[in-house]
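S.K.: First the structure, which I've put down as structure tokens, then a few questions once you've had a look.
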Amino acid sequence: MLASTWSVALVGVEGRMVQVEADIGGGLPRTVLVGLPDTALYQSRDRCKAAVTNSGHTWPVALLTINLSPATLPKAGSHYDLAIAAAVLAASGVIPLEALSRTALLGELGLDGRLRPVPGVLPATIAAARAGFTRVVVPLRQAAEASLVDGVDVLGLASLSQLVAELRGEPVPLVDPVELSVVAAPGDRLGALDLADVVGQEEAKWALEVAAAGRHHMFLHGPPGAGKTMLACRLPGLLPDLEPVDALEVSAVHSLAGFDLSGGLVARPPYVDPHHSASVASIVGGGPRVARPGAISCAHRGVLFLDEAPEFAPQVLDALRTPLESGTVSIARSELNARFPAAFQLVLAANPCPCGMAATPGAECTCAPASVRRYAEKISGPVRDRVDIVQTFLPLRRSHLRAGSDGEPSLRVAERVREARGRQRARLAGTPWRTNGEVPGPHLRRHLPPPHGAQLAWDALDRGRLSARGVDKVFRLAWTVADLAGRDRPSRDDTALAVAMRRGEQPGTLAREVG
Numbered sequence: 001m002l003a004s005t006w007s008v009a010l011v012g013v014e015g016r017m018v019q020v021e022a023d024i025g026g027g028l029p030r031t032v033l034v035g036l037p038d039t040a041l042y043q044s045r046d047r048c049k050a051a052v053t054n055s056g057h058t059w060p061v062a063l064l065t066i067n068l069s070p071a072t073l074p075k076a077g078s079h080y081d082l083a084i085a086a087a088v089l090a091a092s093g094v095i096p097l098e099a100l101s102r103t104a105l106l107g108e109l110g111l112d113g114r115l116r117p118v119p120g121v122l123p124a125t126i127a128a129a130r131a132g133f134t135r136v137v138v139p140l141r142q143a144a145e146a147s148l149v150d151g152v153d154v155l156g157l158a159s160l161s162q163l164v165a166e167l168r169g170e171p172v173p174l175v176d177p178v179e180l181s182v183v184a185a186p187g188d189r190l191g192a193l194d195l196a197d198v199v200g201q202e203e204a205k206w207a208l209e210v211a212a213a214g215r216h217h218m219f220l221h222g223p224p225g226a227g228k229t230m231l232a233c234r235l236p237g238l239l240p241d242l243e244p245v246d247a248l249e250v251s252a253v254h255s256l257a258g259f260d261l262s263g264g265l266v267a268r269p270p271y272v273d274p275h276h277s278a279s280v281a282s283i284v285g286g287g288p289r290v291a292r293p294g295a296i297s298c299a300h301r302g303v304l305f306l307d308e309a310p311e312f313a314p315q316v317l318d319a320l321r322t323p324l325e326s327g328t329v330s331i332a333r334s335e336l337n338a339r340f341p342a343a344f345q346l347v348l349a350a351n352p353c354p355c356g357m358a359a360t361p362g363a364e365c366t367c368a369p370a371s372v373r374r375y376a377e378k379i380s381g382p383v384r385d386r387v388d389i390v391q392t393f394l395p396l397r398r399s400h401l402r403a404g405s406d407g408e409p410s411l412r413v414a415e416r417v418r419e420a421r422g423r424q425r426a427r428l429a430g431t432p433w434r435t436n437g438e439v440p441g442p443h444l445r446r447h448l449p450p451p452h453g454a455q456l457a458w459d460a461l462d463r464g465r466l467s468a469r470g471v472d473k474v475f476r477l478a479w480t481v482a483d484l485a486g487r488d489r490p491s492r493d494d495t496a497l498a499v500a501m502r503r504g505e506q507p508g509t510l511a512r513e514v515g
């Protein structure tokens, strides 16, 4: 007898419906699984057999062929277990075939028949809803996550025996569900951080406000203990909440990464700060057959902070170059290509040298000149050229620490950021971009009036002090400064300030640049 059910294959954040067919035929008793399964999926034969048996049913004593269609699409993961077991039980006559109509099944089976949580429930449910499926069966503890998708009924179950009883219209037995292995979403630990806690560094705070308002990338440069990390950690608190479409997209990525979504959609911009020992695959994403999202995708619509940036492997930093421009990352494998969103805001932090004291007033550097040069060169020119703001920190003095902090709280700064972004949205209405940092150069130069004092940027280009990309970034920064000030067009002072921020002038030289 032949029966079929449906599940979902995830390629990046996109889901494709997979038909799971089970055929019981004549021949020696054995189970054959076809359809390009990976190792975890191939082992599901044994998991499903034990789960069916321990749920009080009989595994077919005949030739059982299980096909995952389309056969040309690689399948990976253990979330097909429930669909495979249901197809086998339907082929055996235990489950009525009509009860599985327009139903997608997701979940890993334990040997006792209980359903275990799996990553990617949210994007899989989105794919099922778009394909016209009206019901999705998921592990009980992930029902809330699947319910974030409108237009589909979610059935959360704790075991295979509950699925059989539900589909047959029988009383559903009580089963203790398998608990979720909770992994906190990126940025959850930052809720209590306030910009007012940062002592001194007033120019750096203002640069952070500009970066937040226009979604500009930053490079924080200065000696240890000057406040670079403290400042970077407070950037998410200045950003507005995610819009619904962004929240759903970010939540789908986090679901694939295994983060906890029991509290609902991700409403705040994420903050990801990987250790400098991270590999290229952990930052960009990857996997042997089916790619998983990396840190840059988990930071989508949020902040990626690379502390001690020169300590990262050069190939890790250079791997950021394409995503910084495109906002996506495409991971190619021999059998398929996976695409993940990666529109993140990059913040780099670095000491000036291995000992951290080079070019620091009042400090003595113990590094050789060649060592200082090599340390600076670890962040390549193309990566530096993609950063909008270079902010240099100076050491804090006794007066700063004794006086404490009387700076503005994050809520007040965030309100100015929100107003500036509102001006950008109005100016960019009808385009796919929302902030100044996203606007491509051609649109910036052709469809927006040039900032007053634009000749400052062109002169810097002619002298080799700015690249062509740098000119565009200066204009974007000038627009953001004007938006924060409530001006309809950047003034000459705004442009001069943008040039100085782009070039990373020492504090105190900005006024001289304007003059």
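Mapping of the sequence shown onto full-length UniProt numbering: position 432 corresponds to residue 432, and the numbering continues sequentially without gaps. Backbone N, C-alpha and C fix where the C-beta goes; we use that ideal spot for every residue, glycine too.
Taking C-alpha atoms, which residue in A144, G113, G294 and R423 lies nearest to V272?
M.R.: If we check each option's Cα against that of V272, G294 comes out closest.
S.K.: Report the partner residues of F305 according to the DSSP bridge assignment.
M.R.: DSSP output for F305 lists V347 as bridge partner(s).
S.K.: For the candidate residues V52, K205 and V94, whose alpha-carbon lies nearest to that of E408?
M.R.: Here the closest residue by C-alpha is K205.
S.K.: Whose CA, out of P490, E249, R489 and V280, lies closest to the CA of R268?
M.R.: Comparing Cα-Cα distances from R268 to each of P490, E249, R489 and V280, the minimum goes to E249.
S.K.: With a 10 Å radius around its C-beta and 16 neighbouring C-beta atoms as the bar for buried, classify H217 as buried or exposed.
M.R.: Flag for H217 reads buried.
S.K.: Given D488, which residues of its chain have a CB within under 8 Å of its CB, disregarding the five upstream and five downstream residues?
M.R.: Correct list, in chain order: A482.
S.K.: With respect to the beta strand (DSSP E) encompassing M218, which residues constitute its N-terminal and C-terminal limits?
M.R.: Run containing M218: M218 to H221, per the beta strand (DSSP E) assignment.
S.K.: If you check the beta carbons only, do P323 and K378 fall under 8 Å apart?
M.R.: No, the Cβ-Cβ distance between P323 and K378 is not below 8 Å.
S.K.: Does the segment 146–156 come into contact with the segment 85–98, if we say contact requires no fewer than three beta-carbon pairs (one atom in each stretch) closer than 8 Å?
M.R.: Judged by Cβ distances under 8 Å, the segment 146–156 makes no contact with the segment 85–98, as fewer than three pairs qualify.
S.K.: With a CB to CB cut of under 7 Å and the five nearest residues on each side skipped, what residues in its chain are close to S44?
M.R.: So the qualifying residues of the chain are S78, Y80, D81 and I84.
S.K.: With the cut-off set at 8 Å, would you say L73 and V88 are in Cβ contact?
M.R.: For L73 and V88, no; Cβs fall outside 8 Å.
S.K.: So the candidates are W59, L448 and S262; which of them puts its Cα closest to the Cα of A22?
M.R.: Ranking W59, L448 and S262 by Cα distance to A22 puts W59 first.
S.K.: Quick one: which unbroken alpha helix (DSSP H) runs of 4-plus residues sit fully inside the segment 100–132? Chain order, please.
M.R.: Taking only runs of at least 4 residues, the alpha helix (DSSP H) segments lying wholly in the segment 100–132 are 121–130.
S.K.: Would you check if the distance between the CB atom of A86 and the CB atom of L115 is smaller than 8 Å?
M.R.: Going by C-beta atoms, A86 is not nearer than 8 Å to L115.
S.K.: What span of residues does the beta strand (DSSP E) with R469 cover, start to end?
M.R.: Premise fails: R469 lies in the alpha helix (DSSP H), A468 to A485, not in any beta strand (DSSP E).
S.K.: With H, G and I counted as helix, E and B as strand and the rest as coil, what does DSSP make of M17?
M.R.: In the structure shown, M17 sits in a strand (DSSP, three-state: E or B).
S.K.: Inspect the CB distances between the segment 416–425 and the segment 455–468 and report whether three or more fall short of 8 Å.
M.R.: Not touching, per the Cβ criterion.
S.K.: Mapping the DSSP letters down to three states, classify K378 as helix, strand or coil.
M.R.: Coil at K378, not helix or strand.
S.K.: Measuring alpha carbon to alpha carbon, tell me which residue in V136, F259, L306 and L231 is nearest L387.
M.R.: Looking at the sequence provided, one finds Val at residue 387 rather than Leu. Checking every option, the nearest Cα to that of V387 belongs to L306.
S.K.: What does DSSP give as the partner residues of Q391 in its beta bridges?
M.R.: L220.
S.K.: Please return the same chain residues whose Cβ sits closer than 8 Å to the Cβ of P449, not counting the five positions on each side in sequence.
M.R.: For P449, where only same-chain residues beyond five positions count, the Cβ hits under 8 Å are R489.
S.K.: Would you report the Cα separation of L68 and E505, rounded to the nearest angstrom?
M.R.: Near 60 Å, if we compare the C-alpha coordinates of E505 and L68.
S.K.: Closer than 6 Å by C-beta to A257: which residues in its own chain qualify, once you throw out the five before and the five after it? Chain order, please.
M.R.: So the qualifying residues of the chain are P293 and C298.
S.K.: Pick out whichever of R446, D493, V390 and V439 has its Cα sitting closest to the Cα of E203.
M.R.: For E203, the nearest C-alpha among the options comes from V390.
S.K.: Our contact map puts S251 next to L396 with C-beta atoms below 8 Å; I'd like the distance itself, whole angstroms only.
M.R.: Going by Cβ atoms, the distance from S251 to L396 rounds to 39 Å, so no, they are not a contact pair.
S.K.: Tell me which residues share the same chain as G110 and place their Cβ nearer than 6 Å to its Cβ, disregarding the 5 neighbours each side in the sequence.
M.R.: For G110, where only same-chain residues beyond five positions count, the Cβ hits under 6 Å are R116.
S.K.: Who pairs with F340 in a beta bridge, going by DSSP?
M.R.: Beta-bridge pairing links F340 to V329.
S.K.: Buried or exposed: P244, going by 16 or more other Cβ atoms within 10 Å of its Cβ?
M.R.: Burial call: exposed.
S.K.: Go through its chain and collect everything with a Cβ distance to L348's Cβ below 6 Å, but skip five positions before and after it.
M.R.: Contacts found: F219, L306 and A309.
S.K.: Spell out a yes or no on whether the segment 324–343 and the segment 10–17 are touching, meaning 3 or more CB-CB pairs, one atom from each, closer than 8 Å.
M.R.: A contact exists between the segment 324–343 and the segment 10–17.
S.K.: Residues in the same chain with beta-carbon distance under 7 Å from G35, minus the five sequence neighbours each way, listed in chain order, please.
M.R.: So the qualifying residues of the chain are N67, L68, S69, A71 and K75.
S.K.: Cα-Cα, which of S147, V175, E170 and P171 is closest to L157?
M.R.: Here the closest residue by C-alpha is V175.
S.K.: Strictly by DSSP, which residues pair up with K75?
M.R.: K75 is bridged to P37.
S.K.: Using CA atoms only, rank isn't needed, just tell me which of V20, K49 and V61 is closest to G26.
M.R.: Measuring from the Cα of G26, the nearest candidate turns out to be V61.
S.K.: Could you please give me the residues that DSSP links to N67 through a beta bridge?
M.R.: Looking at the DSSP assignment, N67 forms a beta bridge with E21 and V34.
S.K.: Buried or exposed: which applies to D241, given that a residue is buried once 16 or more other Cβ atoms fall within 10 Å of its Cβ?
M.R.: D241 should be labelled exposed.
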